[in-house]
Amino acid sequence: MMKMRNLVLTAAAGAAALTAFAVPAAAQRDPAYAAARANGSVGEKMDGYLGIVGAATPELQRLVNDINIKRRAVYARKAQQNNATLEEYALTAGCEAITRTKPGEKYQAPDGSWQTRTSAPPQRDPRCP
């Protein structure tokens, strides 16, 4: 049973890498999103959602909420298609998103702290497939 669940999550990881951010892609091309990502105001969280690093402004909170609502919709659909829970699929997508961060961008480490990506691989949650 555990082997089958790992197989499902591995398949979900591949799907997440290809499609998890298709819906919020337009929001992610938003200059405000690009600026927030570049200046470290937002970062990728282990749970698959975007997080605010430090103080939130109303505009930044709206941007993050919008992206996360769209991500959740994609995760829910993909989780159902892959016979996984929303949380399992979101974690897998979070692992992929953290892996794709670029040097200088923020991400959440397994201990919950915000880290700045260097040229080294990011710290990954041991539950990542």
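Residues -22 to -1, 1 to 107 (mature numbering (1 follows the signal peptide of the UniProt record, and there is no 0)) are what the sequence shown spells out, left to right.
By construction, the Cβ of each residue, glycine as well, lies at the ideal position given by its N, Cα and C atoms.
>> Among C106, N60, Q86, whose alpha-carbon lies nearest the alpha-carbon of G32?
In response: Q86
When you compare only the Cα positions, how much space is there between residue 124 and I47? No answer is possible for residue 124: the residues shown for the chain start at -22 and end at 107.
Please classify P104 as buried or exposed, where buried requires at least 16 neighbouring CB atoms within 10 angstroms. A residue is called buried once 16 or more other Cβ atoms fall within 10 Å of its Cβ, and P104, having fewer, is exposed.
Rounded C-alpha distance that separates P99 from P81 = 9 Å
Q | Burial state of R40, where buried means 16 or more other Cβ atoms lie within 10 Å | A | exposed
Whose C-beta lies closer than 7 Å to the C-beta of L28 among residues of the same chain, with five residues either side of it excluded? V20, E22, V42, I45, N46
What span of residues does the beta strand (DSSP E) with Y85 cover, start to end?
In the DSSP assignment, Y85 falls within the unbroken beta strand (DSSP E) covering 84 to 86.
Open item on the list: Can you tell me whether T77 is helix, strand or coil according to DSSP?
Closed with: helix
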